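Chains as they are written, first to last, in this note's numbering: chain A, 2 to 140; chain B, 430 to 724.
Even for Gly, the Cβ is constructed at its ideal location relative to N, Cα and C.
Since this is a predicted model, take the numbers as computed values, not measurements.
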C-alpha cells in the first residue's frame, strides 16, 4: 500500500469510514478515495432517486473521518473542551489529526478509475501504470 | 424480526455515583482509546456528557456478530452464548482500568483510591445477567437498559410506556419537513449554514420551553480546503466532476454548488497556502474490496 492511493468502497454492512482512513494511513497510503458502490446503495439494489429510494450514479456520501475513537472533537484538546481560552497542544503531538487526505466519490467518478486499473483485485481490466494526482490549487 | 443490533458498553468514571463527584482531570480518551483500538474495539466520544464540558465517559463498541450468536428474536428464552467479543471487551476494560491505576492518574487527581481489576470482574459478573434480562424483554420493552441493578420488569414496563408515548408524537409529515430543513444545504462544522442551523435548533428548543438552552462556542481546529480536485493523468486523462446531479423532485439539489464534499484533509495541506499544487507521485492505484491490497 505504501505510496499509493487507496480506493475503497463505503462497504455494507457499515464500517466506519474514519477507521478506513486510519487504516489507509497506517498502511502507508498517500490518499484515500471512498466511493459509493451501486451494489451497496445504488441501482443494483432497486430504483434510484427520484424514481426510488436508492442513490443515483452521481450521489456522493458525505461525512467526516474524525478519529474520534482516539480523541473526540478537537484533536488539539484531547480530554478537555475547546472552549475559548482552552489550552491547545501542538498539532505535531495530536494523535487524531489525519495525515493523508480523504475524498468521497460518486460511482460516476469512481468508474473511470476502476476501469483503468490493474492490480490483483481490480475488476479484470488490466492496464499499464495508472498515475494519479491529488491537487489543491492555491487561491 | 430484528434487522440490526447495536451493542455499546458505556463506562462512566466518577468518584462517587453522582456527577458532583467527578474527577477534576478527565481520564477518558487521553491514553485509553488506543488501548481499546489495539483490541479492535472502537470507542465513542462521550466527553462532556454532563453539561457539554464536564463528564468522563467512554462507550465501547465491540464486534457484535459473535455476541448475538445464539440470541433468538422470538419469545423463547434461548440460552445466550457469549463469544469472543465479550472476552475482548473484558480485556479492553481491563486495559482501561489498569491505566486508571497508573500512579499519575491518582497524583493528578489528588486521590488515593486504588481501583483493582477485581472490582471490574465483579462488575462484569453482573453484565451477562442484565444482558439476558434486557434481551429477554427486548420485544416488549425494545430497549436494553443498564442502570445500576435497578432494571426490573416494572421498570421495563414503565420504560415501554414512555417510549410508546414518544413514538406516537412525531408524524411522517413533520419528519419530512425537519429533514428537508436540515439537509437543504451542506453544513460542515464552522460554516455559516452550520451556525444558522444551530441557532434554528436552539430557537425551537427554547420555543418548546426546554430549560437552559445555551449555545456554547467551541474554538476547534478545523481544516477547510479552498478547492479540491481529482485527476487521473494516465492511461487516460480524467477529471472527476465531484458534483451531484440536480432533480426536480428535490429543488434543493439545484442550489448553487458549494465546495466539493470532503471527508478529511490533513492540516499540512491547508496550512501551506503558498504551494500551488500538492501532487503525489503515485505509481498505481489499488482497489480493494474489504481488505487492503497492494498492486
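Annotation for residue 592 of chain B: the continuous alpha helix (DSSP H) segment containing it runs 582-597. Of all C-beta pairs linking the segment 68-88 of chain A to the segment 628-640 of chain B, fewer than three are shorter than 8 Å, placing the two stretches out of contact. Taking all protein chains shown into account, residue 110 of chain A has 16 or more neighbouring C-beta atoms within 10 Å of its C-beta and is therefore buried.
Considering only beta carbons, the part of the segment 50-67 of chain A lying closer than 7 Å to chain B consists of 50, 51, 57, 59, 60, 61, 63, 64, 65, 66, in chain order. With 16 or more other Cβ atoms inside 10 Å of its own Cβ, residue 659 of chain B counts as buried.
Approximately 24 Å separates the beta-carbon atoms of residue 46 of chain A and residue 33 of chain A; this is outside 8 Å, ruling out the contact. Under the Cβ criterion of 8 Å, residue 672 of chain B is counted among the residues facing chain A.
For residue 53 of chain A and residue 674 of chain B, the gap between their C-alpha atoms comes out near 15 Å. In the DSSP annotation of this structure, residue 653 of chain B is not part of any alpha helix (DSSP H), being labelled neither H nor E. When secondary structure is reduced to three states using DSSP, residue 108 of chain A falls in the helix class. Here residue 116 of chain A carries a helix assignment [DSSP, helix/strand/coil].
Residue 661 of chain B sits in a strand when the DSSP states are folded into three classes. Look at the segment 631-660 of chain B: the residues with a C-beta under 8 Å from a C-beta of chain A are 645, 646, 647, 648, 649, 650, 654, 655, 656, 657, 658, 659, 660.
At a cut-off of 8 Å between C-beta atoms, residue 472 of chain B counts as an interface residue with respect to chain A. If you look at residue 10 of chain A, you'll find it in the beta strand (DSSP E) that goes 6-10. Around the beta carbon of residue 7 of chain A, 16 or more other beta carbons sit within 10 angstroms, so the residue counts as buried.
At a Cβ-Cβ threshold of 8 Å, residue 18 of chain A and residue 80 of chain A do not count as neighbours. With 16 or more other CB atoms across the displayed protein chains lying within 10 angstroms of its CB, residue 69 of chain A is buried.
Taking C-beta separations shorter than 6 Å and ignoring five residues to either side along the sequence, residue 655 of chain B has no partners in its chain.
In the structure shown, residue 677 of chain B adopts coil according to DSSP, grouped into three states.
Per DSSP, residue 30 of chain A lies in no alpha helix (DSSP H) and is assigned neither H nor E. In the assembly as shown, residue 72 of chain A is a buried residue. Its beta-carbon has 16 or more other beta-carbons within 10 Å. If you check the CB distance, residue 43 of chain A and residue 4 of chain A do not come in under 8 Å.
Under the 8 Å Cβ criterion, the segment 53-62 of chain A counts as touching the segment 35-42 of chain A, having at least three qualifying pairs.
Residue-level contact by beta carbon fails for residue 593 of chain B and chain A, as no gap is shorter than 8 Å. Beta-bridge pairing by DSSP links residue 41 of chain A to no other residue. Chain order gives the chain B residues near residue 18 of chain A as 692, where near means a beta carbon separation below 8 Å.
Look at residue 665 of chain B: its C-beta is under 8 Å from a C-beta on chain A. With fewer than 16 other beta carbons inside 10 angstroms of its own, residue 598 of chain B counts as exposed. Residue 582 of chain B sits exposed, since fewer than 16 C-beta atoms from the chains shown fall within 10 Å of its C-beta.
Taking a C-beta distance under 8 Å as the contact criterion, residue 26 of chain A and residue 99 of chain A qualify as a contact pair. For residue 466 of chain B, the neighbours in chain A by C-beta distance under 8 Å run, in chain order, 70, 71.
Against residue 587 of chain B, chain A offers no close residue; the least beta-carbon distance is about 32 Å (beta-carbon pairs closer than 8 Å).
With fewer than 16 other Cβ atoms inside 10 Å of its own Cβ, residue 666 of chain B counts as exposed. Secondary structure at residue 486 of chain B: strand, using DSSP grouped into helix, strand and coil. Around residue 615 of chain B, the beta-carbon contacts reaching into chain A at under 9 Å are 63.
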